[in-house]
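Participant: The structure follows.
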Amino acid sequence: MRRALVALAVPLVSFIAVAPLAAHAQQMPPGAKQPADFPHTKLTAGMFVIDAAVAANDPDREQGLMYRTKLAPNEGMLFVFNETAVHCFWMKNTLIPLSIAFMRADGTVTDIDEMQAETENNHCPRNNGVFALEMSKGWFASKGIQPGMKIQGLPALQ
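With mature numbering (1 follows the signal peptide of the UniProt record, and there is no 0) as the guide, the letters of the sequence shown map in order to residues -25 to -1, 1 to 133.
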């Protein structure tokens, strides 16, 4: 009888241990691009190397980091625009808080903003630019990255 109880208890304990993890993970909705399917590039900010997914077309920019539940320590998303302008962002369906750096074509950071998860208020730079880089909230401040500094390794504009 004791062996039978142990046999039942092990799967139950395993389920209880895994159930909270499943509750916090959100599946990507049908049609959403998987994180691994975005092209990636390596950028540098000072001595820090960034693994950036690249969103260079409308569907990729619209999805951005929506539905993601975490980022690796130096992982982010680079948004590439076809025109120099004020490009605004929001955090709809974005489950993690982010920091965003807006940049000119030469990689100069013009503005940095902090964004709360799952909000729909606009985050707009004060200056025109063609790139934006989203990282985990506080990343730029923790690395000493400020407006006026440059991000290196940005793709050539088309």
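Here a beta-carbon is modelled for each residue, glycine too, at the ideal position from N, C-alpha and C.
Tell me which residues share the same chain as A92 and place their Cβ nearer than 7 Å to its Cβ, disregarding the 5 neighbours each side in the sequence.
Facilitator: M66, T69, L70, I71 and P72
Participant: Any idea if L18 is buried or exposed, counting beta-carbon neighbours within 10 angstroms, 16 or more meaning buried?
Facilitator: buried
Participant: Do V84 and L53 have their C-beta atoms closer together than 7 Å?
Facilitator: No, the pair does not count as a contact, with Cβ atoms beyond the cut-off.
Participant: Rounded to whole angstroms, what is the Cα-Cα separation between E109 and S74?
Facilitator: If you take the alpha carbons of E109 and S74, they lie about 6 Å apart.
Participant: Give the range of the alpha helix (DSSP H) segment to which E37 is assigned.
Facilitator: Segment D33 to Q38, the alpha helix (DSSP H) holding E37.
Participant: Starting from the Cα of F77, find the closest Cα among T94, F56 and G21 and give me that residue.
Facilitator: Looking at the Cα atoms, F56 is the closest of the given residues.
Participant: Among V105, G82 and I87, which residue has its Cα nearest to the Cα of G119?
Facilitator: Checked all of V105, G82 and I87; the closest Cα to G119 is I87.
Participant: Classify S117: buried if its beta carbon has 16 or more other beta carbons within 10 angstroms, exposed otherwise.
Facilitator: exposed
Participant: Scan the region 13 to 95 and note each continuous alpha helix (DSSP H) run of 4 residues or more that stays entirely inside, going in chain order.
Facilitator: When DSSP assignments are scanned along the region 13 to 95, the uninterrupted stretches of alpha helix (DSSP H) that are 4 or more residues long and fall wholly within it turn out to be 33 to 38.
Participant: Taking all protein chains shown into account, do 16 or more other C-beta atoms lie within 10 angstroms of the C-beta of V105, making it buried, or fewer, making it exposed?
Facilitator: The residue is buried, with at least 16 neighbouring Cβ atoms inside 10 Å.
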